[in-house]
Every structure is written in structure tokens, then in C-alpha cells.
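Undergrad:
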Amino acid sequence: MDKQVLLTIKGLKIEGRSGDAWHPIVKGVDLTLNKGEVLGLIGESGAGKSTIGLAAMGFARDGCRISGGTIDFDGIDLRAAPEATRRGLRGKRIAYVAQSAAASFNPAHKLIDQYSEGPVIHGVMPREKAEADAIELYRRMQLPNPEEIGFRYPHQVSGGQLQRAMTAMAMACRPDLIIFDEPTTALDVTTQIEVLHAIRDIVEQFGTAAIYITHDLAVVAQMADRIKILLRGDEIEESDTRSMLAAPKEDYTKSLWAVRSFVRAEQPPATGTPVVSVRNVTAGYGAIDILKDISFDIHARRTVAVVGESGSGKSTAARVITGLLPPRQGQVLFNGKPLPPSFKSRSREELRQCQMIYQMADTALNPKLRLRELIGRPAEMYLGLKGKALETRINDLLTLIELEPAKYIDRLPGELSGGQKQRIGIARALAAEPKLIICDEVTSALDQIVQEGILKLLDRLQSELNLAYMFITHDLATVKSIADEVVVMQRGLVVERGPKSDLFAAPQQDYTNLLLSSVPEMDPDWLARLLAARGVRA
Amino acid sequence: MTVLLSLIIGLALFFAIGIASRAALRSAAPAHHKPMFRDMPLTASFGLAVILFYVVVAILAPAIAPFGEGEVLGAQYLPWESPYYLGTDKLGRDMLTRLIYGARNTVGIAFATTALAFVLGSLLGIWAALVGGKPDQFLSRFVDALMAIPALIFSLLLLTIFGTSVLTLILVIAAVDATRVYRLARSVAQGIVVMDYIEAARLRGEGMWHLIRREILPNAMAPLVAEFGLRFCFVFLSISALSFLGLGIKPPTADWGSMVRENATLITFGDITPLLPAGAIALLTVAVNFVVDWQLHRASGLKE
Amino acid sequence: MNAIWRMIVHRLLLGVLTLFIISVVIFGATELLPGDLARELLGQSATEETLAALREQLGLNDSAPVRYWNWLTGVLQGDFGVSMATQKPISELVGARLGNTLFLALYAAAMSVPLSLLLGILAALWRNTIFDRASNALALTAISFPEFFVAYILILYLAQSGLFPSLVRITAATTFGDMLYMCFLPSLTLTMVVTAHMMRMTRAAIINLLASPYIEMSRLKGMSPMRVVVRHAVPNALAPIINVVALNLAYLITGVVVVEVVFVYPGLGQLMIDAVTNRDIAVVQAIALIFASAYVLLNLIADVLSTITNPRLMHRR
Numbered sequence: 001m002d003k004q005v006l007l008t009i010k011g012l013k014i015e016g017r018s019g020d021a022w023h024p025i026v027k028g029v030d031l032t033l034n035k036g037e038v039l040g041l042i043g044e045s046g047a048g049k050s051t052i053g054l055a056a057m058g059f060a061r062d063g064c065r066i067s068g069g070t071i072d073f074d075g076i077d078l079r080a081a082p083e084a085t086r087r088g089l090r091g092k093r094i095a096y097v098a099q100s101a102a103a104s105f106n107p108a109h110k111l112i113d114q115y116s117e118g119p120v121i122h123g124v125m126p127r128e129k130a131e132a133d134a135i136e137l138y139r140r141m142q143l144p145n146p147e148e149i150g151f152r153y154p155h156q157v158s159g160g161q162l163q164r165a166m167t168a169m170a171m172a173c174r175p176d177l178i179i180f181d182e183p184t185t186a187l188d189v190t191t192q193i194e195v196l197h198a199i200r201d202i203v204e205q206f207g208t209a210a211i212y213i214t215h216d217l218a219v220v221a222q223m224a225d226r227i228k229i230l231l232r233g234d235e236i237e238e239s240d241t242r243s244m245l246a247a248p249k250e251d252y253t254k255s256l257w258a259v260r261s262f263v264r265a266e267q268p269p270a271t272g273t274p275v276v277s278v279r280n281v282t283a284g285y286g287a288i289d290i291l292k293d294i295s296f297d298i299h300a301r302r303t304v305a306v307v308g309e310s311g312s313g314k315s316t317a318a319r320v321i322t323g324l325l326p327p328r329q330g331q332v333l334f335n336g337k338p339l340p341p342s343f344k345s346r347s348r349e350e351l352r353q354c355q356m357i358y359q360m361a362d363t364a365l366n367p368k369l370r371l372r373e374l375i376g377r378p379a380e381m382y383l384g385l386k387g388k389a390l391e392t393r394i395n396d397l398l399t400l401i402e403l404e405p406a407k408y409i410d411r412l413p414g415e416l417s418g419g420q421k422q423r424i425g426i427a428r429a430l431a432a433e434p435k436l437i438i439c440d441e442v443t444s445a446l447d448q449i450v451q452e453g454i455l456k457l458l459d460r461l462q463s464e465l466n467l468a469y470m471f472i473t474h475d476l477a478t479v480k481s482i483a484d485e486v487v488v489m490q491r492g493l494v495v496e497r498g499p500k501s502d503l504f505a506a507p508q509q510d511y512t513n514l515l516l517s518s519v520p521e522m523d524p525d526w527l528a529r530l531l532a533a534r535g536v537r538a
Numbered sequence: 001m002t003v004l005l006s007l008i009i010g011l012a013l014f015f016a017i018g019i020a021s022r023a024a025l026r027s028a029a030p031a032h033h034k035p036m037f038r039d040m041p042l043t044a045s046f047g048l049a050v051i052l053f054y055v056v057v058a059i060l061a062p063a064i065a066p067f068g069e070g071e072v073l074g075a076q077y078l079p080w081e082s083p084y085y086l087g088t089d090k091l092g093r094d095m096l097t098r099l100i101y102g103a104r105n106t107v108g109i110a111f112a113t114t115a116l117a118f119v120l121g122s123l124l125g126i127w128a129a130l131v132g133g134k135p136d137q138f139l140s141r142f143v144d145a146l147m148a149i150p151a152l153i154f155s156l157l158l159l160t161i162f163g164t165s166v167l168t169l170i171l172v173i174a175a176v177d178a179t180r181v182y183r184l185a186r187s188v189a190q191g192i193v194v195m196d197y198i199e200a201a202r203l204r205g206e207g208m209w210h211l212i213r214r215e216i217l218p219n220a221m222a223p224l225v226a227e228f229g230l231r232f233c234f235v236f237l238s239i240s241a242l243s244f245l246g247l248g249i250k251p252p253t254a255d256w257g258s259m260v261r262e263n264a265t266l267i268t269f270g271d272i273t274p275l276l277p278a279g280a281i282a283l284l285t286v287a288v289n290f291v292v293d294w295q296l297h298r299a300s301g302l303k304e
Numbered sequence: 001m002n003a004i005w006r007m008i009v010h011r012l013l014l015g016v017l018t019l020f021i022i023s024v025v026i027f028g029a030t031e032l033l034p035g036d037l038a039r040e041l042l043g044q045s046a047t048e049e050t051l052a053a054l055r056e057q058l059g060l061n062d063s064a065p066v067r068y069w070n071w072l073t074g075v076l077q078g079d080f081g082v083s084m085a086t087q088k089p090i091s092e093l094v095g096a097r098l099g100n101t102l103f104l105a106l107y108a109a110a111m112s113v114p115l116s117l118l119l120g121i122l123a124a125l126w127r128n129t130i131f132d133r134a135s136n137a138l139a140l141t142a143i144s145f146p147e148f149f150v151a152y153i154l155i156l157y158l159a160q161s162g163l164f165p166s167l168v169r170i171t172a173a174t175t176f177g178d179m180l181y182m183c184f185l186p187s188l189t190l191t192m193v194v195t196a197h198m199m200r201m202t203r204a205a206i207i208n209l210l211a212s213p214y215i216e217m218s219r220l221k222g223m224s225p226m227r228v229v230v231r232h233a234v235p236n237a238l239a240p241i242i243n244v245v246a247l248n249l250a251y252l253i254t255g256v257v258v259v260e261v262v263f264v265y266p267g268l269g270q271l272m273i274d275a276v277t278n279r280d281i282a283v284v285q286a287i288a289l290i291f292a293s294a295y296v297l298l299n300l301i302a303d304v305l306s307t308i309t310n311p312r313l314m315h316r317r
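Chains as they are written, first to last, in my numbering: chain B, 1 to 538; chain D, 1 to 304; chain H, 1 to 317.
(1) Mind listing the chain D neighbours of Ala364 (chain B)? Cutoff is C-beta to C-beta under 9 Å, in chain order.
(2) Just confirm the distance between the C-beta atoms of Val296 (chain H) and Tyr251 (chain H), as a whole number of angstroms; I'd bet it's less than 8 Å.
(3) Got a sec, what are the start and stop residues for the alpha helix (DSSP H) Gln116 (chain D) sits in?
(4) If I follow the unbroken beta strand (DSSP E) through Phe471 (chain B), where does it start and stop?
(5) Please check if any C-beta of chain C sits within less than 8 Å of the C-beta of Val75 (chain H).
(6) Please confirm if Asn219 (chain D) has its CB atom under 8 Å from at least one CB of chain B.
(7) To the nearest angstrom, report how far apart Val150 (chain H) and Leu275 (chain D) are at their CA atoms.
(8) Using a beta-carbon distance below 8 Å, is Thr473 (chain B) in contact with chain D?
(9) Tell me the start and end of each unbroken beta strand (DSSP E) in the stretch 30-106 of chain B that is at least 3 residues and wholly inside, in chain order.
(10) Grouping DSSP H, G and I as helix and E and B as strand, with all else coil, what is Ser18 (chain B)?
(11) Residues of the stretch 343-360 of chain B with a CB closer than 7 Å to any CB of chain D: list them in chain order, please.
(12) Residue range of the alpha helix (DSSP H) that Gly498 (chain B) falls in?
(13) Among B:Ile71, B:Glu44, B:Asp181 and B:Trp257, which one has its Cα closest to the Cα of Val215 (chain B)?
(14) What is the rounded straight-line gap between the Cα of Met171 (chain B) and the Cα of Ala305 (chain B)?
(15) Quick one: give me the first and last residue of the alpha helix (DSSP H) that Lys456 (chain B) is part of.
(16) Looking at the C-beta of Glu182 (chain B), does it have a partner C-beta in chain H at a distance below 8 Å?
(17) For chain B, is any of its Cβ atoms less than 8 Å away from the one on Gly191 (chain D)?
(18) Quick one: which residues of the stretch 132-155 of chain D get their C-beta closer than 8 Å to a C-beta of chain H? List them in chain order.
Following this line, the structure appears as C-alpha cells:
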């Protein structure tokens with residue numbers, strides 16, 4: 001390896017402010033990047049990976065400060081250099097691609113104006129030349145109508161296309177280094193493929209070095225030459241991609257690899273009256289139908305996973321069952337009897353039977369109520385528990401979700417971790433002693449190891465309490481581990497439904513196949529193979 | 001020269017009061033509130049000290065005032081000499097005494113009015129946000145239309161019709177101001193109503209009163225308290241303006257707005273006595289605004 | 001473009017509806033009085049004859065909807081009825097004074113809008129510096145001062161020394177230049193009160209946006225702080241800033257009343273206070289309607305302007 005070193009970071013320390021105290025975010029990380037090389041930064045939330053990425057540009061967000069170490073970019077000491085020097089490098093020699101392109105493009109200006117701003121201000125090329133160049137790059141990023149798309153405003157362009165336009169913008173001054181900060185996290189899996197392909201292509205064409213930040217191991221395996229694993233601001237290990245995947249050294253790394261190992265035991269086909277039966281439901285808002293004639297059943301002790309990309313109508317299906325959105329046509333049967341369409345006309349007993357757990361525990365729990373009231377209220381309302389009996393019940397519920405009652409009962413949600421909050425959401429649902437629990441993306445806001453714990457807990461509770469689960473998710477790994485049956489939705493239609501094993505082994509529909517094959521695998525050659533199979537130039 | 005001198009004395013007083021009150025608050029505050037006062041700006045500690053001073057004066061008015069509220073003591077417009085330290089007014093009443101009683105009357109009436117406006121406006125606003133749909137649309141459109149009549153103008157219209165007694169004054173200003181509180185309470189509640197925990201509570205079958213009391217109010221408290229401060233300032237200034245225009249609190253009740261009006265002629269002779277009640281109004285409003293600004297800043301800072 | 005026109009027409013209709021509701025409120029407020037309006041106005045000592053005459057003059061013998069209809073049709077033709085106190089047509093009383101008040105409000109607006117936008121943008125650009133803190137504290141102080149306090153302080157320091165007149169006398173010989181000179185103190189008073197508001201809200205509107213990812217993006221593209229604020233933040237803050245300006249120009253209307261009284265300025269505010277003192281209801285109603293219409297119009301303009309500056313609305317998908 002006689003490559004030239006581009007970026008050297010030594011002993012980097014970054015602190016963040018809370019109130020008037022500074023606490024460490026990054027605790028002394030080293031990093032070396034050669035010209036033309038792609039380094040993957042992997043870590044869970046709070047690992048400090050974005051902060052390190054920004055520090056590589058000599059930048060710290062408001063409320064953060066770089067407190068130690070050196071950052072050397074091609075011979076320039078970014079910490080010691082004056083702000084004007086740093087500003088001269090940003091966008092010109094070091095560029096940035098943000099997680100949400102939709103939020104990171106200025107809504108007030110056309111894409112091409114935002115593209116040419118960098119080259120013009122940095123004096124790389126005049127405006128006309130920059131615009132011609134933009135169109136060329138848009139073409140290379142395989143954007144539709146490259147001549148015309150730049151003259152649109154951000155809100156007129158789809159998310160996947162914006163992410164590619166942002167990568168093109170980062171390329172505008174032909175930088176030596178690009179920081180990709182979770183560029184595909186906000187995208188659907190089928191869109192993610194296109195963006196990953198385009199990014200890999202362009203980085204290779206121009207020989208640009210890159211730092212690729214993500215929490216998704218399978219994605220980074222496609223993109224990076226080397227991988228560095230971070231945990232709470234510290235480096236765990238670093239090695240080249242193939243050896244990291246083949247033989248992780250540290251326990252933490254191994255645990256990341258093993259995370260998707262939990263698979264629920266296979267269940268015999270369900271019989272008898274389903275707990276919930278959705279019959280030919282058509283529903284929507286205003287004049288638009290979001291659900292078009294959908295039907296599926298959920299049996300006791302079974303988990304039905306409803307899968308689909310954003311906009312497929314899976315959450316709307318849950319709103320129809322809970323009665324938040326009365327259907328236009330069709331009905332929802334509970335134990336064989338039709339439920340009133342709106343929750344307002346349902347009896348307390350009918351409301352009790354169906355409970356919900358939400359994606360964002362932060363917004364699902366009233367931040368001003370203590371756990372005692374959060375969990376106790378349903379038990380008090382539905383089951384008439386009071387005083388001692390209520391106290392005992394709350395303690396039992398906390399024990400059930402593996403939280404120590406004496407320690408937690410008087411806490412506020414803000415005093416809990418993300419995983420603990422989600423457990424409280426589960427306890428609140430259980431307090432009503434329901435037959436059906438609807439889980440709306442309950443694990444997608446959590447780190448992988450925490451997800452594992454929640455899935456195991458839900459599985460155990462299901463067998464102990466005879467529950468039926470409707471599991472809404474876009475994450476097929478979660479489906480693989482917890483579902484018994486799968487309902488695949490696309491644009492308001494049920495595309496396919498059946499037992500999990502059948503569906504994964506032999507999908508009957510093209511869309512199901514596309515969806516399944518688009519989930520990244522932990523194999524560095526997966527993307528190339530997939531693109532070849534789909535007949536795309538790799 | 002006098003301008004410069006008074007500016008310097010004012011600034012010195014501001015810093016002295018601010019620093020002293022901050023030190024006092026820091027040592028007196030209970031342990032779990034200490035962090036709140038540690039990085040309190042000088043403006044806020046100054047504001048708190050001033051508010052406290054006004055409250056004490058208002059409560060103890062009869063005890064500390066040298067003369068009776070409406071007592072006519074001597075010639076009009078006497079200079080600033082003992083025993084009339086701030087001189088006498090147009091009718092020969094002691095200026096200092098009337099300033100002290102003004103704290104009780106003007107501030108008390110403004111406070112009662114704000115409280116009334118608040119209960120009315122915030123309950124209706126939260127209710128509208130929670131119910132949504134037609135009732136909300138109807139009420140909000142109506143309130144919007146009422147708000148299109150500038151507050152002072154609307155108050156003047158209502159005072160013309162109902163006459164100008166203290167009770168009608170309180171009711172009229174409270175009604176006009178409740179529309180503004182309604183707007184804020186509704187928009188704060190709308191931000192809360194979309195939260196999943198409200199959906200969960202609704203699906204649980206909770207009634208309206210429980211939703212307002214347990215689920216929304218605790219989460220709306222911070223912005224509502226800050227708004228209370230701002231509204232108080234607004235109401236206080238409105239009442240003072242009306243009194244100044246001769247349409248608010250009437251003599252012989254001591255009130256700062258009408259005291260400015262009665263003695264305004266002195267200004268043209270270069271006498272600053274009429275500015276004292278005006279300054280008393282300004283000082284309290286500044287103090288409240290400083291404290292509210294600090295609280296708003298804290299609330300927004302905690303979110304980041 | 002079609003969508004924009006539809007939106008503007010929609011706003012216009014909404015404005016007309018609002019005005020209609022306002023007119024009902026302004027007229028209908030008299031109906032809220034529990035007793036007899038004529039007796040309330042004339043007091044207990046009034047004789048039956050005078051009461052009957054007043055009822056006749058106010059048209060109290062007709063039903064409320066009929067009276068409202070007569071009033072509204074009159075107003076739409078510029079006829080606000082007759083003042084009880086002076087027995088003159090209200091439109092005559094209002095005419096010249098409306099011009100004076102508008103002059104004062106525009107004068108204050110011309111001084112305060114550019115000043116406050118500039119100060120607001122600078123405070124946002126130099127946030128958390130001494131400049132920002134000092135201007136914030138000063139602005140808070142100015143907001144807290146009653147208008148008459150500001151006015152008297154200005155009189156004390158600027159009129160006492162003879163620099164500017166403390167009273168405004170308008171005659172037929174008064175030129176535009178004289179007007180600018182005579183009205184300087186009243187409009188300076190208004191400017192001081194309104195500028196503080198606008199400056200603070202402009203600053204807040206811009207700072208609100210500075211946390212957005214696209215602002216961070218522009219900084220990461222190596223743009224200077226000035227360019228970040230002027231090119232990336234301000235265009236997106238236009239809608240809130242326009243609304244702030246409209247709100248404060250509307251606030252001028254309220255401020256004008258007190259300021260006119262202090263400076264004995266022959267405007268609508270002065271007229272309104274006299275009418276309220278005399279309980280000359282028809283005049284008060286007329287002026288309230290004029291002020292409210294100005295407010296609605298300002299908001300309408302602000303609405304349309306902020307629609308036009310929003311690319312999401314201008315350039316549909």
C-alpha cells in the first residue's frame with residue numbers, strides 16, 4: 001500500500017453542552033484515510049459517528065466543540081487554520097452529503113442554483129459552465145430528464161432523486177473527500193438500491209475518497225474498503241471490509257453481527273375464528289382511497305406482519321382497525337362480530353380488546369405523567385382497580401416487562417432510555433388485558449441490540465398471554481424474526497399474503513420479489529450481483 | 001448633561017439590583033432549582049427583584065403610604081419638599097401616596113383582568129383544538145374576525161356602549177384579551193393533540209375533561225405561563241392607556257395612567273413629576289418582560 | 001399560476017366574510033346592552049320626549065336586522081349617519097382626519113420598517129454577541145414603555161429645547177415639508193414602539209431557521225455567515241417577516257390613538273376619543289369599522305405576498 005494519505009485524525013475529542021456543563025461525545029478517536037479510499041464508520045445512535053464526520057471538515061455543530069486532538073487534511077491543520085481557510089475547503093475540497101436531502105436542500109432555490117453556488121463562490125468555474133456541468137453530473141447519476149430536473153425546486157423532486165442530486169452537488173467542485181452521513185437511511189429499500197448504485201459509481205469514476213457513515217452493516221459492506229466500528233465515542237476496532245465481515249475480533253462487533261439471529265419458532269397454521277378479520281375494506285381521506293378492498297385475518301397467538309414501503313397504506317389499515325378512520329366500504333370483525341366503524345361509537349369493552357404500541361415512544365408517552373399513572377390508568381379505567389389492587393397490578397406489569405418496580409414506578413418517561421420507554425408502551429397496552437395488540441414500527445427507532453430485546457419480550461408475552469399481534473413494519477429482517485404470516489402491501493392493495501416460510505421461500509408476485517431482493521445482505525458482492533441479475537451495468 | 005447623568009445612574013442601579021438579587025436567589029433557592037438560577041441573566045434577576053418590590057408595595061400600601069389615598073392636603077403642584085417628597089398633584093394630593101396606592105389599584109385590576117382572560121381563553125382554546133372539525137372552525141373564524149378589530153379600538157367601542165366603570169373595564173378588557181389567549185392556547189394544544197399519547201388516551205375512551213386536565217394542560221403549562229406574563233404586560237398597558245385617555249380607572253381612585261393625564265401640563269414646564277407614574281408603569285412592564293424573555297429562552301434552549 | 005389566482009380569490013372572499021362578521025359585531029354590540037340604549041346614553045334624568053326623539057334619530061323603533069341593513073347599505077355608499085354630539089354627517093367629520101392619520105401611520109412605517117428589518121437581520125447574524133444582547137434588552141424596554149411615556153420623554157428632551165414642536169397644527173397653508181417637520185415627534189414615538197417589536201420578531205424568524213439542515217448544508221458548502229443569512233435564511237423567513245410587518249403596521253393603528261391625544265393631532269384617534277367620551281355611538285362605530293377594515297386589508301396584502309414568496313405554493317408539483 002503506497003497510497004498517499006489524505007486525512008489524518010489523531011486523538012480527536014469532541015464535547016457537547018447540556019446546560020452549562022460539557023460532556024464528551026467523542027473520546028479520542030484516530031482515523032487515517034488515503035486518497036481514493038472509502039472508509040465506513042459504523043455505530044449505533046450516540047456513537048459519535050456524524051460528529052466525527054463533521055469534524056473531518058473542521059466543523060462542529062452549535063453546542064459542540066472540538067476539545068482535543070489534531071485534524072490534518074492534506075497538510076492543512078484544520079484546527080489551527082483560520083476560519084476563512086476552513087471555509088475555503090468546505091464544499092471545494094471536502095463535501096458533505098446529508099441524511100435527509102429533502103430537508104437539506106433550501107426550499108427557496110432551484111436545484112441547479114444550489115449546485116452552482118459552490119463552484120461560483122469558490123471560484124472554480126463560472127455559472128454557465130457550472131450549470132452545464134450539473135446537467136452532465138445529473139446524467140451520470142442516472143437522474144431522469146437531466147437537462148430539466150435542475151430547474152425544479154426541491155419539493156418538486158422525489159426523495160431518492162434528491163439524494164442523488166445532493167451527491168451530484170457534493171461533486172460539483174470535484175472534491176478530494178466526501179462525507180456521506182447516512183445518505184440512504186430515510187429511503188425505502190427499493191429506492192435505496194438506486195442511490196447506493198449511483199453513489200458507488202460516481203465515487204469510483206472520480207476516484208474520490210469518502211467517509212461513509214451508517215448504522216447499517218449490510219449497506220456499508222457494499223460501499224466501503226475499510227470499516228471502523230464506534231461505540232459511545234470510542235473506537236472498537238477497524239479492518240478492511242472483507243476480513244471484518246469474515247472474522248470480527250471484538251465481542252461488541254460480534255454482537256452486532258449476531259443481532260438478527262432471533263427467530264420465532266414456527267407455528268402450526270391457525271384455525272378457528274380469527275380475533276380480528278378485516279373484510280374488503282376501502283378507506284381514505286377526502287376523495288383519495290388509501291386502502292383499496294383489502295382483507296386479512298389475525299388469529300390468537302399469531303403474529304401477522306404487514307409489510308410495505310412508505311405510502312403503501314399499512315398504517316392506515318391499523319387506523320381502520322382501531323376505529324380512528326371509519327372505512328368507506330367493508331368492515332372489521334372482532335371474534336366474528338362486526339365492530340362499530342368509529343372508535344367513538346365503540347363500547348369501553350370493545351376499546352379494551354385492541355391496544356396499540358407506537359413507533360416513537362417519545363411521543364406515545366405523556367412526558368408529564370409518572371409511570372404509575374401511565375400504566376395504571378388503563379387498569380383503573382377498564383378493570384376498575386383501585387388502591388392496593390392497582391398498586392399490585394402496576395408492580396406486576398413492570399415486572400412483566402423486566403423493569404424493577406420499586407426503582408421505576410415514580411419516574412417520568414424522560415428519565416428512561418429509548419428501549420425502556422418502548423417497554424412502558426408495551427406495559428400500557430398489557431394493562432388493558434387486550435386480545436389484539438397493534439405494533440406500529442415498534443422497533444424501527446431503536447438500536448439493533450435493543451430491538452432484539454423488545455422482539456424477544458413481545459414473543460414471550462404472546463405465548464404467556466395468548467395475544468394476537470398485528471406487526472406493521474418496513475423492515476424485512478424484523479419480519480423474518482417475529483412473523484407467522486405476512487401481508488405484503490403496495491399502493492393500498494394487498495399484493496400477497498401467506499405464511500412467512502412460503503413467502504420468503506417462493507414469492508409469487510414480482511413486487512414481493514423486488515422487495516425481498518432489495519434488502520441488503522452482509523456480503524460485499526451482494527450489490528454487484530444483484531445489479532447484474534437485474535441487468536444493470538454495475 | 002442630565003440625560004447622560006440619569007442614564008449612568010439608571011444603568012448603575014440596574015446592575016446593582018440585578019447582581020444583588022441574583023446572589024440572593026442563588027443562595028435562597030432550594031437545591032433542585034439551583035441550576036435554573038445559576039446562569040440567569042442580569043435582566044431576569046433585576047426583573048424578579050422589581051416585581052417583588054411592586055408586590056410588597058401593593059400589599060402594604062396603607063401601611064407605608066404617608067397620607068390617605070384621596071386626602072387633599074394643600075396647594076396644587078407643590079415642589080418636591082418634605083413632607084411631600086414628590087410634591088402634590090393638581091388637586092393638592094400627595095404624589096408619593098398616590099403612587100403607592102396606584103401599585104395596588106392599577107396592578108391589582110390588571111392582574112384580575114389577565115387571570116379572567118386566561119381562564120376563559122385557554123380553556124376554550126384547548127377545547128377547540130381537542131374537538132376539532134366544525135365547532136373549532138366556527139369558533140376560530142369568529143375569534144379571527146374579532147381579532148381583526150384592533151384591541152384598543154374594540155375596547156373603546158365596548159366602553160362606549162357599556163359605560164366606563166371599573167367592573168365593565170375588567171370585563172371588556174378580559175373579553176378582548178381572551179381572544180388572543182384563545183389563539184395561543186389553541187395553537188399550543190394543536191401541537192399536543194397530534195401526539196400519539198393523546199391518540200392513545202382517546203382510543204382508551206377518556207373523556208374531554210380528563211384529556212384537558214391530565215394530558216394537555218401539564219404539557220401546555222410552560223408556554224401558557226410565559227404568555228401570562230406577556231398578556232399581563234399587554235393588559236396593564238391597555239388599562240393604563242385607557243386611563244390616560246380618561247376612559248379607564250377614574251379619580252379619586254389612585255391610578256398611574258390617569259395620574260399622568262391629570263398632571264401632563266407640568267411636562268411643558270420641564271417638570272418631570274407626571275413622568276413618575278408613567279415610569280412606574282414602564283418599570284413593571286420591563287421587569288415582567290425581562291423575566292418572561294428569560295423563561296422563553298430557557299424553554300427554547302432546553303429543546304435543542 | 002392558476003392555483004395562485006384561486007388562492008388569492010379565496011383570500012379575498014375570506015376577507016370580505018371577515019369584514020361582514022366585523023360589521024355585524026360592531027353594529028350588534030349595542031344590542032348586548034340589557035336595557036334601553038337611549039336611556040343608557042341620556043341617563044336617568046332624561047324626559048320621555050327627549051328619549052323618544054333620540055330613539056327616532058337612532059332608528060331604535062325598527063327591528064335590529066332592519067336597522068343593520070339600513071346602516072350597512074348607508075356605509076357601503078359612504079354614508080355613516082349623523083353624529084349625535086355635533087349633528088354633522090360623520091363622513092364629513094372623518095374625511096380630512098382619515099388623511100391625517102394615514103399620513104402619520106405611513107410616516108412611522110417608512111421609518112420603522114427598514115430600520116427594524118436591518119436591525120433584526122444584524123441581530124440574527126451577530127446572535128449572542130454584545131450587539132445582540134444589548135439590542136434585545138433595549139427592544140424589550142421599548143416594548144414595555146407605554147406610548148405616552150415615550151411621547152412625553154421625547155417632548156421633554158426634544159421639544160423643550162425647541163428642536164421640534166410638541167403640538168401639531170395643520171392649516172391650509174401647511175406644506176408637505178412642514179408636515180414632515182411637525183409630525184416628526186409623533187411618528188418617532190410610534191417608530192420606537194413598533195420597531196422594537198418588528199426587530200425582535202424578524203430576528204426570531206431568522207434564528208428559527210438557522211437550525212434547519214439546509215442552513216447547516218450551506219455552511220458545509222463553505223458559504224460565509226453573511227451569505228448564509230441573506231441568501232439561505234432570509235428568503236425562507238420572508239413569509240413570517242411579512243406577517244410581522246403587517247401585524248405591526250396594524251398595531252400602529254392602535255398606537256396612533258394615544259399618540260394623537262398626546263400631540264393634539266387632528267386625526268381619527270382624537271375624534272374617536274372625543275366620541276367615546278360623549279358616547280357618540282355612531283361615530284365610534286364608523287371609526288372602529290374603518291380601523292378594522294385597514295387591519296383586514298393589511299392582513300390580506302400580507303397573506304397574498306407571503307403566498308407569492310413561497311415556492312411550494314408558486315411552483316406546484
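Glycine included, each C-beta is placed from N, C-alpha and C at the ideal position.
Given the structure is predicted, the values throughout are model-derived calculations rather than measurements.
TA: Answer, in terms of the structure:
(1) Under the 9 Å cutoff, chain D gives Met195, Asp196, Tyr197, Glu199 and Ala200.
(2) That belief does not hold up - the Cβ atoms of Val296 (chain H) and Tyr251 (chain H) are roughly 14 Å apart, past 8 Å.
(3) A small correction: the amino acid at residue 116 (chain D) is Leu; Gln does not occupy that position in the sequence shown. First-last of the alpha helix (DSSP H) with Leu116 (chain D): Gly108 to Val131.
(4) Its beta strand (DSSP E) spans residues Ala468 to Thr473.
(5) No chain C is present in this structure, whose protein chains are B, D and H.
(6) So yes, Asn219 (chain D) belongs to the interface.
(7) Between the C-alpha atoms of Val150 (chain H) and Leu275 (chain D) there is a straight-line separation of about 10 Å.
(8) Chain D, which has no Cβ nearer than 8 Å to the Cβ of Thr473 (chain B), makes this no.
(9) Fully enclosed beta strand (DSSP E) runs of 3 or longer: 38-42, 64-73 and 94-97.
(10) DSSP places Ser18 (chain B) in strand when its eight states are reduced to three.
(11) Within the stretch 343-360 of chain B, contact with chain D at the beta-carbon level (separation under 7 Å) is assigned to Phe343, Arg348, Leu351, Met356, Tyr358 and Met360.
(12) Element bounds for Gly498 (chain B): not the alpha helix (DSSP H) but the beta strand (DSSP E), Leu493 to Pro499.
(13) For the sequence presented, residue 215 (chain B) should be read as His rather than Val. Cα-wise, what sits closest to His215 (chain B) is B:Glu44.
(14) So the two alpha carbons sit approximately 41 Å from each other.
(15) Following the DSSP letters along the chain, one finds Lys456 (chain B) inside the alpha helix (DSSP H) bounded by residues Gln448 to Leu465.
(16) Residue-level contact by beta carbon fails for Glu182 (chain B) and chain H, as no gap is shorter than 8 Å.
(17) Put simply, the CB of Gly191 (chain D) is far from chain B, with every gap to its CB atoms at 8 Å or more.
(18) Closer than 8 Å at the C-beta level to chain H, one finds these residues of the stretch 132-155 of chain D: Arg141, Phe142, Asp144, Ala145, Leu146, Ala148, Ile149, Pro150, Ala151, Leu152, Ile153 and Phe154.
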